[in-house]
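A quick write-up on the structure given underneath.
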Amino acid sequence: MRNKAWTARGRPPGRHHSYADIRLLEYLAKISIKHGVDPDKFFNGLHDASQHQESTCGKLSIACRMRTRDYAIFLITRGQKVVAQFPMPEHILAETNPLRGFMHRLPSTRNSAQEAESNHYQIKDLRAGMRQIKIKTRVLEVSQPRLVTTRFGFYANVANALITDETGTIQLPLWNRQIHEISAGDLIKVENANVVVFRGARQLRVSRSGKLSVIKKLACTPEGL
């Protein structure tokens, strides 16, 4: 038997969201505001995409790229532009329009710096199949480079960097000149990368249109000083 619908403003009594859930719902509410989409229709569009792989909501196209027992990964686009890509836990997807309770928390517009920061992921959120990832991390270590033959028959040098943030670690393959651009201890920014699983380990691979840049180099002090 279904519980009686909660009609008062705010979150229904007894429903508890984790901090990660709240951040996700606030992020989705912000997308709803920015693109002028009714929050109930937006969330129903996500649910429809989880059932039928694709749906539309206003000018937004929603695609469910992957679904497991625990979460679904959604890609939202507007025309040719990617709006967002994120994993959503199944327990949120099973709720009835949870976004409306978060709309009053958000201003209609945000500072552009805050807007850009909200698009950054944490390592714990990365799942195989996610694309166009932007993330700031620190380099823990870089393996010795090795010579390999690519699928096109060319020779290339490759090394694996282990990168970290406060939530976990993931491998970052480095090719040719990228190997010499970063070092252990550097703070780096990775843009337009894809998440894959290679030999049982998660990897963050920079795409052809991606970018790997050093935000802050590790300060090196000469021995004896």
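Its first residue numbered 2, the sequence shown is counted upward by one per residue in this note's numbering.
Glycine residues also receive a C-beta, built at the ideal position from the N, C-alpha and C atoms.
- If you ignore the 5 residues before and after residue 67, its C-beta comes within less than 6 Å of the C-beta of 74 and 130, all in its own chain and listed in chain order.
- The segment 149–156 and the segment 180–189 do not touch, with fewer than 3 CB-CB distances between them shorter than 8 Å.
- DSSP places residue 164 in no alpha helix (DSSP H) but in the uninterrupted beta strand (DSSP E) bounded by 156–166.
- Counting C-beta pairs with one atom in each stretch, the segment 121–128 and the segment 139–153 have fewer than three that are closer than 8 Å, which means they do not touch.
- Closest option to residue 95, judged by alpha-carbon separation, among 202, 198 and 45: 45.
- When secondary structure is reduced to three states using DSSP, residue 211 falls in the strand class.
- If you draw a straight line from the Cα of residue 148 to the Cα of residue 176, it is about 10 Å long.
- In the DSSP assignment, residue 137 falls within the beta strand (DSSP E) that extends over 134–143.
- In the displayed model, residue 147 falls within a strand according to three-state DSSP.
- Cβ-Cβ distances below 6 Å link residue 55 to 64 in the same chain, with the five nearest sequence neighbours on each side left out; the list follows chain order.
- Taking the Cα positions, residue 208 is about 16 Å away from residue 137.
- Residue 193 carries a strand assignment under DSSP once its states are collapsed to helix, strand and coil.
- The alpha-carbon of residue 169 is positioned some 31 Å away from that of residue 62.
- Residue 40 carries a helical assignment under DSSP once its states are collapsed to helix, strand and coil.
- Taking C-beta separations shorter than 7 Å and ignoring five residues to either side along the sequence, the partners of residue 85 in its chain run 32 and 77, following chain order.
- For residue 24, the uninterrupted alpha helix (DSSP H) segment begins and ends at 20–35.
- Linking residue 43 to residue 58 through their CA atoms gives a straight-line distance of about 6 Å.
- For the pair residue 150 and residue 159, the Cα-to-Cα distance works out to about 10 Å.
- Distance between residue 206 and residue 49, taken at the CA atoms: about 30 Å.
- Excluding sequence positions up to five before and after residue 41, its CB lies within less than 6 Å of the CB of 98, all in the same chain and listed in chain order.
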